[in-house]
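*Asks:* Before anything else, here's the structure in question.
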């Protein structure tokens, strides 16, 4: 279930992480949503230019990193001139033009998107947002409720499928793709291969999901290469655990479908020949979130089964330990370490997932996003990622990790390129938008990751999180624009944009499984604001509202800037603490300022989170920064978020410091470029 993941994240945070102090600012309690006219006036002023108790615990500890050798963890992406921009698209929903949106609706009723919907026009539209990497979510063949027996595909039991379309994270065949997405299910793999080629031809790289922690309860590959056995095919089911078993077993007990809660019924109570509150599995396997019960709870990930990586039920490791000094070694050195190990010492599940990754790399996939990566031991990631980097040194590797205490282990020992910056930056920005935290927290959390900032992917939406344009998040999409500016420009890390975010999608539909505020990943649905922009395949905003077009233009300007402004791949210097120390008049807990720079470009970035109050102050720049920039005279400033020239200046003072007069409308941000010449 969707909310089960949120519960697990909360559990991880509470049990494993040091709490972050987020001061409440009573004076920042936001008023009722700003009237639309005021919001639009503010925006238009910018001048837009175009683990649970049962969980098998990890025992890895944090390691010390030799900063002189830290570069071995950098990838071609982190070292490149432009920051990556990742566009996440839920493949099943993206091209669907059907607007029926019936709860629990079938494909015939609600429609479904196809690989073929990603035309050159569609891909160029995505590219126009500055996109460098396109993450196609939901591609591997997962459990779903539809009849494809004519194509040799067995039916899935709705008793162990969430929603009608199914969870993309309950994969049933890693060697093929979701037949829902193909015009002809018989040629579904070839259709996806053609999409890979089209994406490359349009100047973007392809990312797909791999979910090593769990697979669908009904996993069975009909497409695996010859000699590649299914998960569990060779397991010794008489033992709860064995190193080379792919699953854990509840020996002597059969699986039982969970007792439904909150009135839930598969397919909303619809009659179906396979719905009988039973699913044949003997002996029962551990569930994906590590529940060891033969009858898991309704809040468990009961549609999935846990993969065994050589972690014993008591938490002990049954595989070679990776020496801590490998935190400072390259992927090639990691690969050599694993190649030197005895074959029998490597758990079978490790090899199976390495084969899966190599299969997709051979088909042209450029990288992977790993679901719930921290539920799998770091050593496995070292093994897998070093093999991937050997095949493709430029592969883009992104992992879902929510425990800050483990970030460095997964980056340096696990050889991840990027991790989600959810627990710190995302959560803090959301709290600031809601008036529950001070902007001062931004500098604090950024300092915590200063040594790994280029590895922390930033986002404000993805398929797991609430849509911005909901009362539960920001109230309207314009309220989040200051946060989006900061998220996009604060560090050297990539930025992720979720489809529909750029036009203010609400996710308000009751799709069936799950709750509104998040666009459903479990059912067949349309995505209204995105559909209006899509305009029946024209991708020109022909049906979009003026608000949606304004929002889209802002995102387009910002994201392209994030990819092309070289300073954003350079250094960071926060300016917030200086203003607070000097008790700068007009600068308060709804404002945040910082600088980004390299040898050829210097930027001053300031955002106003207030929905109703303008801000006016003289921003102070320390002499140490001015010396670094080698500025010896006043400089003209250009706001890169505006299309018209501005008459702003950086004023140099006798003590070597400088200042800039700042005036911000509600929700306005500026990205001031320091001119090379006076």
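Residue numbers (the numbering used here): 33 to 710. We put the CB at the ideal spot given by N, CA and C, even for glycine.
Given a cut-off of 8 Å on the beta-carbon distance, is the pair residue 638 and residue 706 in contact?
*Replies:* The residue you call residue 638 lines up with position 606 of the chain shown. The residue you call residue 706 lines up with position 674 of the chain shown. Result no, Cβ atoms of residue 638 and residue 706 do not sit closer than 8 Å.
*Asks:* Check whether the segment 296 to 305 and the segment 179 to 197 touch, using three or more Cβ-Cβ pairs below 8 Å as the test.
*Replies:* Yes, since at least three Cβ pairs between the segment 296 to 305 and the segment 179 to 197 fall closer than 8 Å, the two stretches touch.
*Asks:* Given 7 Å as the limit, tell me if residue 661 has its C-beta closer than that to any heavy atom belonging to the ligand ATP.
*Replies:* Although the ligand ATP was asked about, the structure shown includes no ligands whatsoever.
*Asks:* Is residue 685 buried or exposed, if buried means 16 or more other CB atoms sit within 10 Å of its CB?
*Replies:* By one-based count along the chain shown, residue 685 stands at place 653. Per the 10 Å Cβ criterion, exposed.
*Asks:* Would you mind stating whether residue 531 and residue 154 have Cβ atoms separated by less than 8 Å?
*Replies:* Position 499 of the chain shown, counted from the first residue, corresponds to residue 531. Position 122 of the chain shown, counted from the first residue, corresponds to residue 154. No.
*Asks:* Could you tell me the alpha carbon to alpha carbon distance between residue 128 and residue 381, rounded to whole angstroms?
*Replies:* Working through the chain shown from its first residue, we reach residue 128 at position 96. Working through the chain shown from its first residue, we reach residue 381 at position 349. Their backbone Cα atoms lie some 36 Å apart in a straight line.
*Asks:* Can you tell me where the alpha helix (DSSP H) holding residue 691 begins and where it ends?
*Replies:* The residue labelled residue 691 in the question sits at position 659 within the chain shown. Premise fails: residue 691 lies in the beta strand (DSSP E), 690 to 696, not in any alpha helix (DSSP H).
*Asks:* By DSSP, does residue 458 sit in helix, in strand, or in coil?
*Replies:* Translated into the one-based positions of the chain shown, residue 458 becomes position 426. Looking at residue 458 - three-state DSSP - the assignment turns out to be helix.
*Asks:* Quick one: residues in its chain with C-beta nearer than 7 Å to the C-beta of residue 260, no 5 flanking neighbours on either side, listed in chain order?
*Replies:* Sequence index remark: in the chain shown, residue 260 carries index 228 (1-based). These residues qualify, in order along the chain: 387.
*Asks:* Inspect the CB distances between the segment 253 to 273 and the segment 325 to 335 and report whether three or more fall short of 8 Å.
*Replies:* The segment 253 to 273 is not in contact with the segment 325 to 335.
*Asks:* Can you find the residues in the same chain that come closer than 6 Å, C-beta to C-beta, to residue 393, ignoring five residues on each side of it along the sequence?
*Replies:* What you label residue 393 is simply residue 361 of the chain shown in a count that begins at 1. Closer than 6 Å at the Cβ level, and outside the excluded window around residue 393, lie 423 and 424.
*Asks:* Can you have a look at residue 293 and say buried or exposed, based on whether 16 or more other CB atoms are within 10 angstroms of its CB?
*Replies:* Locating residue 293 in the chain shown gives position 261, where the first residue counts as 1. Exposed.
*Asks:* Suppose contacts are defined by Cβ-Cβ distances below 8 Å. Is residue 402 in contact with residue 431 by that definition?
*Replies:* Here residue 402 refers to the residue found at position 370 when the chain shown is read from its first residue. Here residue 431 refers to the residue found at position 399 when the chain shown is read from its first residue. A contact, by the Cβ cut-off of 8 Å.
*Asks:* Taking Cβ to Cβ, would you say residue 595 is nearer than 8 Å to residue 162?
*Replies:* By one-based count along the chain shown, residue 595 stands at place 563. By one-based count along the chain shown, residue 162 stands at place 130. Result yes, Cβ atoms of residue 595 and residue 162 sit closer than 8 Å.
*Asks:* Helix or strand or just coil, what does DSSP make of residue 169?
*Replies:* For the purposes of this step, residue 169 is identified with residue 137 of the chain shown, where counting begins at 1. Note: residue 169 maps to strand in three-state DSSP.
*Asks:* From which residue to which residue does the beta strand (DSSP E) around residue 338 run?
*Replies:* Translated into positions along the chain shown, residue 338 becomes position 306. Note, residue 338: beta strand (DSSP E), 336 to 338.
*Asks:* Out of 569, 565, 589 and 590, point me to the one whose CA is closest to residue 580's CA.
*Replies:* Residue numbering aside, residue 580 sits at position 548 when the chain shown is read from its first letter. Cα-wise, what sits closest to residue 580 is 565.
*Asks:* What are the start and end residues of the alpha helix (DSSP H) that includes residue 771?
*Replies:* Any answer about residue 771 is impossible in this case: the structure gives the chain only from 33 up to 710.
*Asks:* Where in the segment 408 to 443 do unbroken runs of the beta strand (DSSP E), each at least 3 residues long, occur, reported from the N-terminal end onward?
*Replies:* Complete beta strand (DSSP E) runs here, min 3: 428 to 431.
*Asks:* From what residue to what residue does the beta strand (DSSP E) around residue 625 run?
*Replies:* Here the question's residue 625 lines up with position 593 in the chain shown. That run of the beta strand (DSSP E) goes 623 to 629.
*Asks:* Taking the C-alpha atoms as reference points, what is the distance between residue 73 and residue 485?
*Replies:* Residue mapping note: residue 73 aligns to position 41 of the chain shown, counting from 1. Residue mapping note: residue 485 aligns to position 453 of the chain shown, counting from 1. With a pLDDT of 41 at residue 73, under the threshold of 50, the predicted position of this residue should be treated as unreliable, and no value is reported.
*Asks:* On the DSSP bridge list, what partners appear for residue 530?
*Replies:* Here residue 530 corresponds to residue number 498 of the chain shown, with the count starting at 1. Note: residue 530 sits in a beta bridge opposite 120.
*Asks:* Using 10 angstroms around the beta-carbon of residue 410, count the other beta-carbons present and answer buried if the total reaches 16, otherwise exposed.
*Replies:* In the chain shown, the residue the question calls residue 410 occupies position 378. The residue in question, residue 410, is buried, as its Cβ has 16 or more Cβ neighbours within 10 Å.
*Asks:* Using the three-state DSSP reduction, which class does residue 605 fall into: helix, strand or coil?
*Replies:* The residue you call residue 605 lines up with position 573 of the chain shown. In this structure, residue 605 counts as strand in the three-state DSSP scheme.
*Asks:* Excluding the five sequence neighbours on either side, which residues of its own chain have a C-beta within less than 7 Å of the C-beta of residue 366, listed in chain order?
*Replies:* The residue labelled residue 366 in the question sits at position 334 within the chain shown. Hits under 7 Å: 358, 414, 418 and 447.
*Asks:* Following the continuous alpha helix (DSSP H) through residue 29, name the residue where it begins and the one where it ends.
*Replies:* Since the displayed the chain opens at 33 and closes at 710, residue 29 lies outside it and no answer follows.
*Asks:* Go through its chain and collect everything with a Cβ distance to residue 670's Cβ below 6 Å, but skip five positions before and after it.
*Replies:* The residue labelled residue 670 in the question sits at position 638 within the chain shown. So the qualifying residues of the chain are 705.
*Asks:* Where does residue 378 fall in DSSP's three states?
*Replies:* Here residue 378 refers to the residue found at position 346 of the chain shown. Of the three classes helix, strand and coil, the one that applies to residue 378 here is coil, per DSSP.
*Asks:* Tell me where the alpha helix (DSSP H) around residue 477 begins and ends.
*Replies:* Within the chain shown, the letter at position 445 stands for residue 477. From DSSP, the alpha helix (DSSP H) with residue 477 extends over 472 to 480.
*Asks:* How about residue 692 and residue 651: do their beta carbons lie closer than 8 Å?
*Replies:* Counting from 1 along the chain shown, the entry for residue 692 is found at position 660. Counting from 1 along the chain shown, the entry for residue 651 is found at position 619. In this structure, residue 651 lies closer than 8 Å to residue 692 by Cβ.
*Asks:* Would you check if the segment 625 to 634 and the segment 598 to 611 touch, i.e. whether three or more CB-CB distances between them fall below 8 Å?
*Replies:* Yes: at least three Cβ pairs fall under 8 Å.
*Asks:* In terms of alpha-carbon separation, which member of 197, 523 and 224 lies closest to residue 116?
*Replies:* Stepping through the chain shown from its first residue, residue 116 is reached at position 84. Ranking the options by Cα distance to residue 116, first place goes to 523.
*Asks:* Considering only DSSP beta bridges, list what residue 715 is partnered with.
*Replies:* Shown here, the chain extends from 33 to 710; a query on residue 715 therefore has no answer.
*Asks:* If you draw a straight line from the alpha carbon of residue 356 to that of residue 349, how long is it in whole angstroms?
*Replies:* Indexing the chain shown from 1 puts residue 356 at position 324. Indexing the chain shown from 1 puts residue 349 at position 317. Cα to Cα, residue 356 sits roughly 15 Å from residue 349.
*Asks:* Using only alpha-carbon positions, find the residue among 611, 314, 615 and 672 that is nearest to residue 634.
*Replies:* Taking the first residue of the chain shown as position 1, residue 634 is located at position 602. Ranking the options by Cα distance to residue 634, first place goes to 672.
*Asks:* Tell me whether residue 200 is buried or exposed, calling it buried when 16 or more other Cβ atoms sit within 10 Å of its Cβ.
*Replies:* Mapped onto the chain shown, residue 200 falls at position 168. Buried.
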